[in-house]
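A short worksheet on the structure shown next.
There are 2 protein chains.
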Amino acid sequence: MTRSTPRAEPLSSSLEDYLEAIYRLTPGRTAARGRDIAERLRVRRSSVTLALRSLSARGLVNYAPYDRITLTAKGRTAARDISRRHEALRHFFVKVLEVEEQEAERAACKMEHALSPALRRRLTEFARFMKRCPLGVPQWVKGRRFHCPAPPVQRRRTGGRGKP
Amino acid sequence: MTRSTPRAEPLSSSLEDYLEAIYRLTPGRTAARGRDIAERLRVRRSSVTLALRSLSARGLVNYAPYDRITLTAKGRTAARDISRRHEALRHFFVKVLEVEEQEAERAACKMEHALSPALRRRLTEFARFMKRCPLGVPQWVKGRRFHCPAPPVQRRRTGGRGKP
DNA sequence: GAATAATGTTAGGCGTGTAAAACATTTATC
DNA sequence: GATAAATGTTTTACACGCCTAACATTATTC
């Protein structure tokens, strides 16, 4: 019966992985099964138990032995954030950098833990920009090389940072 | 005098950090001091000793107790690669995403270990593209937002993944 | 060259994250 | 509902990476 205030320390990469796994395994609101978490993370069931205890102590999952596993509100929020970091990276790798799906996934998995809010925001904004902006962009692509056929439009109004 | 065949397993993130630190501390060819490695990695000197043993066992550094620390040819190659991964990320974060220098450094430090050769290449090529390409690019920037003055060209040829 | 400071090493310990194996509980299945 | 299968848990152990504290060696300084 772990009472006391939840530990506030930042999550380890490992625990973030567990949290994310639970999140992804419960699209609606149903409970996750330890078995599936283990499989997803390629880890033993016993390891899952330990991790769940730790996450529970932090107030991120509702967990009691042999009971159903769900995310708390706090846990869900945290998990969503982690998941977004993951997606931001994966998306960027696939859509902008155009690397293989699998490779992107693998890298995103490992890098997501280091993606700060600022970086994530920028990355996402940037990917969106790349998608929308119809000219600077698609020159990059198609196979290995890219070219920039852009005409010498050059200077448009420099928005404010005057440098005469 | 560590003989035996070097261990071939992939380096841990931690060992990569040590290797990189040594690399950066020896611009020319002089030996690195454990003291400095420790300081750089914010780690105790004793930890450095352990790491050096491990790196030595892998044939990446020339090391014997109380002796000078240098990289082997193999170690230098590996270190250069790691360093490049680091730089590729940092550069991208700073020059393209335009996040704060310090933040970029911090993220690069952690992410570098997961950057595959393919990804690194793409990232570098892309950053170069962004730098050169005079139009698609600089719209993104100047503070927080970006805009894409491009005309509504919209749909370009959908390259293959048709989804009617 | 002795005394002192700086640097490097060893020994022992801790926290984290994992696994293996034995056990407990729950869920299927008949 | 008894039995078997699946799932979850505990215990014990191990690898890794770091630390502290004590010790060893090397470098400095006078």
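First to last, the sequence lines map onto chains A and B.
Sequence positions in the first sequence follow my numbering and run 1 to 164.
Sequence positions in the second sequence follow my numbering and run 165 to 328.
Every residue gets a Cβ at the ideal spot worked out from N, C-alpha and C, and that includes glycine.
- The segment 277-289 of chain B makes contact with the segment 88-99 of chain A; the number of CB pairs closer than 8 Å reaches 3 or more.
- Contact between the segment 87-94 of chain A and the segment 33-43 of chain A is absent, with fewer than three C-beta pairs closer than 8 Å.
- Counting only runs that start and end inside the segment 65-144 of chain A, there is no beta strand (DSSP E) element of at least 3 residues.
- Residue contact check for A/Lys-95 against chain B: no CB pair falls below 8 Å.
- Contact annotation: B/Leu-219 and B/Leu-179 have beta-carbon atoms nearer than 8 Å.
- Within the model, the alpha-carbon separation for A/Leu-71 versus A/Arg-80 is close to 11 Å.
- At least one C-beta of chain B is nearer than 8 Å to the C-beta of A/Leu-123.
- Going by beta carbons, B/Arg-240 and B/Ala-195 fall outside the 8 Å limit.
- Taking 8 Å as the threshold, the shortest C-beta distance from A/Leu-119 to chain B falls below it.
- By the C-beta density criterion, A/Tyr-63 is buried, having at least 16 other C-beta atoms within 10 angstroms.
- At least one beta carbon of chain B lies nearer than 8 Å to the beta carbon of A/Val-99.
- Scanning A/Met-130, A/Glu-125, A/Ser-83, A/Arg-122 for the CA closest to the CA of A/Tyr-23 turns up A/Ser-83.
- Linking A/Gly-59 to B/Ser-177 through their CA atoms gives a straight-line distance of about 30 Å.
- Note that the C-beta distance between B/Leu-216 and B/Val-225 is below 8 Å.
- If the five residues before and after B/Thr-288 are omitted, its C-beta is found closer than 6 Å to the C-beta atoms of Ala-252, all from its own chain and listed in chain order.
- The CB of A/Ser-14 never comes closer than 8 Å to any CB in chain B; the least such distance is about 13 Å.
- Between A/Glu-103 and chain B, the shortest Cβ-Cβ separation is below 8 Å.
- Listed along chain A are Glu-103, Ala-107, each with a C-beta nearer than 7 Å to that of B/Ser-280.
- With a 10 Å radius around the Cβ and a threshold of 16 neighbouring Cβ atoms, B/Tyr-182 comes out buried.
- With fewer than 16 other Cβ atoms from the protein chains shown falling within 10 Å of its own Cβ, B/Glu-173 counts as exposed.
- Residue environment: B/Ala-242 is assigned as buried (16 or more neighbouring CB atoms within 10 Å of its CB, all protein chains considered).
- Straight through space, the alpha carbons of B/Ala-221 and A/Arg-33 are spaced by roughly 42 Å.
- Beta-bridge partners of B/Ala-196 (DSSP): B/Ile-233.
- By the beta-carbon neighbour count (other beta carbons within 10 angstroms, threshold 16), A/Arg-45 is exposed.
- Secondary structure of B/Val-212 (DSSP, three-state): helix.
- The C-beta of A/Ala-104 has 16 or more other C-beta atoms within 10 Å across all chains shown, which makes the residue buried.
- If the five residues before and after B/Lys-259 are omitted, its C-beta is found closer than 8 Å to the C-beta atoms of Ala-291, Met-294, Lys-295, all from its own chain and listed in chain order.
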